[in-house]
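S.K.: Take this structure, written in structure tokens, and hold onto it; I'll ask about it next.
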């Protein structure tokens with residue numbers, strides 16, 4: 001289970017005092033990524049979601065989630081994806097992040113298929129132990145940016161649209177200012193570009209369908 005920490009027990013005490021009562025503590029940065037390394041991958045969205053988890057795992061602030069009186073400190077990460085169901089609706093699907101891409105992909109395919117069939121978010125062991133990163137892939141069109149995604153949760157959130165013909169993809173990243181500053185957020189986006197690029201030479205191709 002996550003540990004509760006008072007602000008003074010973290011490096012985010014000053015930021016917490018400045019932003020805890022803000023009417024809009026969420027900040028959005030948008031970066032256009034070179035995703036040419038993903039073009040030959042059969043599971044593009046799975047690759048991108050894995051890369052998000054890998055980049056986040058290298059930024060310590062991602063493991064601290066602000067709450068009303070302090071922070072919850074986590075040791076694990078998970079990424080939430082939105083799945084289109086067979087009945088025509090949508091549902092959440094939580095994927096535990098794993099450093100090994102093959103193991104992650106197996107979980108991703110199994111859980112998203114179950115969500116699509118059942119219309120419900122599949123339960124995973126240890127879900128409450130994970131700091132969740134939200135995502136939304138709106139691939140029916142190209143997007144330039146997305147801002148002001150209102151949510152009752154303070155979790156970081158990424159939104160993107162369809163990959164452009166020049167193999168670029170704008171991604172909007174929303175984060176709580178008490179959790180991290182612009183420097184850490186920008187470092188995450190730069191690390192995400194490196195993680196995406198790693199698919200050009202590090203990962204084996206799997207299967208033939210795109211999800």
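Residue numbers (our numbering): 1 to 211. Note that CB positions come from ideal geometry on N, CA and C, so glycine has one too. The model shown is predicted, which means the values in this text are computed figures rather than measured ones.
Check each candidate in 188, 50, 4, 13 and name the one with the smallest Cα separation from residue 100.
M.R.: The residue given as residue 100 occupies position 100 in the chain shown. Ranked by Cα distance from residue 100, the options 188, 50, 4, 13 are led by 50.
S.K.: State the beta-bridge partners of residue 117 as determined by DSSP.
M.R.: As a first step, residue 117 must be located in the chain shown, where it is residue number 117. DSSP, once it has assigned bridges, lists no residue as partnering residue 117.
S.K.: Please name the residue in 40, 181, 198 whose C-alpha comes closest to that of residue 59.
M.R.: As a position in the chain shown, residue 59 is number 59, starting the count at 1. If we check each option's Cα against that of residue 59, 181 comes out closest.
S.K.: Using a threshold of 9 Å, state whether the C-beta atoms of residue 172 and residue 147 are closer than that.
M.R.: Counting from one through the chain shown, the residue named residue 172 turns up at place 172. Counting from one through the chain shown, the residue named residue 147 turns up at place 147. In contact: residue 172 and residue 147 (Cβ atoms closer than 9 Å).
S.K.: Could you tell me the alpha carbon to alpha carbon distance between residue 55 and residue 123, rounded to whole angstroms?
M.R.: Locating residue 55 in the chain shown gives position 55, counting from the first residue. Locating residue 123 in the chain shown gives position 123, counting from the first residue. Cα to Cα, residue 55 sits roughly 25 Å from residue 123.
S.K.: Would you decide whether residue 46 is buried or exposed? Buried here means 16 or more other CB atoms lie within 10 Å of its CB.
M.R.: Taking the first residue of the chain shown as position 1, residue 46 is located at position 46. With 16 or more Cβ atoms within 10 Å of its Cβ, residue 46 is classed as buried.
S.K.: In terms of residue numbering, what span does the alpha helix (DSSP H) encompassing residue 189 cover?
M.R.: Residue 189 sits at position 189 when you count from the first residue of the chain shown. Element bounds for residue 189: 182-197.
S.K.: Contact check, residue 30 vs residue 170 under 8 Å by CB: the rounded distance?
M.R.: By 1-based counting over the chain shown, the position of residue 30 is 30. By 1-based counting over the chain shown, the position of residue 170 is 170. With a Cβ gap of about 6 Å, residue 30 and residue 170 count as contacting.
S.K.: For residue 131, list the residues DSSP reports as bridge partners.
M.R.: Working through the chain shown from its first residue, we reach residue 131 at position 131. Note: residue 131 sits in a beta bridge opposite 77.
S.K.: Going by other Cβ atoms of all chains shown within 10 Å of its Cβ, with 16 needed for buried, is residue 12 buried or exposed?
M.R.: Indexing the chain shown from 1 puts residue 12 at position 12. Buried.
S.K.: Look up residue 43 in the DSSP assignment and give the residues it is bridged to.
M.R.: The residue labelled residue 43 in the question sits at position 43 within the chain shown. DSSP output for residue 43 lists no bridge partner at all.
S.K.: Which of the three DSSP states is assigned to residue 100 in this structure?
M.R.: Here residue 100 is taken as the residue at index 100 of the chain shown, counted from 1. Under the three-state reduction of DSSP output, residue 100 falls in the coil class, being neither helix nor strand.
S.K.: Does the beta-carbon of residue 15 have 16 or more other beta-carbons within 10 angstroms, so that it is buried, or is it exposed?
M.R.: Here residue 15 refers to the residue found at position 15 of the chain shown. Using a 10 angstroms sphere on the CB of residue 15, the tally of other CB atoms reaches 16 or more, which defines it as buried.
S.K.: Give the range of the alpha helix (DSSP H) segment to which residue 172 is assigned.
M.R.: If you number the chain shown from 1, residue 172 lands on position 172. Run containing residue 172: none in the alpha helix (DSSP H); it sits in the beta strand (DSSP E), 168-176.
S.K.: According to the neighbour-count rule (16 or more other Cβ atoms, all chains shown, within 10 Å of its Cβ), is residue 152 buried or exposed?
M.R.: Here residue 152 corresponds to residue number 152 of the chain shown, with the count starting at 1. By the neighbour-count rule (16 or more Cβ atoms within 10 Å), residue 152 is not buried but exposed.
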